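The numbering used here applies: residue 278 is where the sequence shown begins, and numbers increase by one. Just so you know, even glycine gets a beta-carbon here, dropped at the ideal spot from N, CA and C. This structure is a prediction, so every number in the text was calculated from the model and none was measured. Okay, so here's the structure we're looking at.
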Amino acid sequence: MSETEKILTELGITINELVELAIAKQKGRLVILPCKVGDKVYTISRVDCPCEICTHGKEVEYSAIQCSRLYGETYKCPPPQYNIDIHVCEGFTIHGDADGNPIVSEPGEWGYEGLERFYGCDGNIYYDYDVAKEAVEVMRNNS
Ligand SMILES: [Zn+2]
């Protein structure tokens, strides 16, 4: 068994399967998913004028703008709260660029109108909880 064959065996793939993948790639039929279906992914949500903390939160319906408009001269809203939301990836959608190369979407969950992508306040999907935590720290320090 050659060195290459040993590596392929360790990866659980045969040369024939590898060739099949290479042909699929050449024909624009190969996509690499950012995670497995069923994996957990994370988004960050932001709450301005946080309800549990802001004295006027309920009264201004948790609108930081309204809070500042009414009480801004004497009172400052607490800083925004950031939460890490955990989602289970239910799938992806695939479309093509102008040349027909496949583009795979970010993960989402299936709704009535197809895949609904997960959305966070910073527009990012995190595949690693610790990376999301670090991003929250950066946002807290910048707010
Ligand atoms: Zn407030």
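Practice prompt. Give the C-beta separation of Y425 and P311 to the nearest angstrom, bearing in mind that I take them to be a contact with Cβ-Cβ under 8 Å.
Written response: This structure does not reach residue 425, given that the chain is present from 278 up to 420, and the question cannot be answered.
Discussion item. At a threshold of 7 Å, does G349 count as lining ligand 1 (C-beta to nearest heavy atom)?
Written reply: no
Worksheet item: Hey, quick one: how far does the beta strand (DSSP E) through T320 stretch, first residue to last?
Response: 317 to 324
Worksheet item: Taking just the CA atoms, how far does H364 sit from V318?
Response: 5 Å
Worksheet item: What are the boundary residues of the beta strand (DSSP E) that V308 is part of?
Response: V308 -> no beta strand (DSSP E), and no H or E assigned at all.
Worksheet item: Is the Cβ-Cβ distance between V413 and C366 less than 8 Å?
Response: no
Worksheet item: Does DSSP put D362 in a helix, a strand or coil?
Response: strand
Worksheet item: In the DSSP assignment, what residue or residues form a beta bridge with H333?
Response: Its beta-bridge partners do not exist; DSSP assigns none.
Worksheet item: When we look at the beta-carbon of I342 and count the other beta-carbons within 10 Å, is it buried (16 or more) or exposed?
Response: exposed
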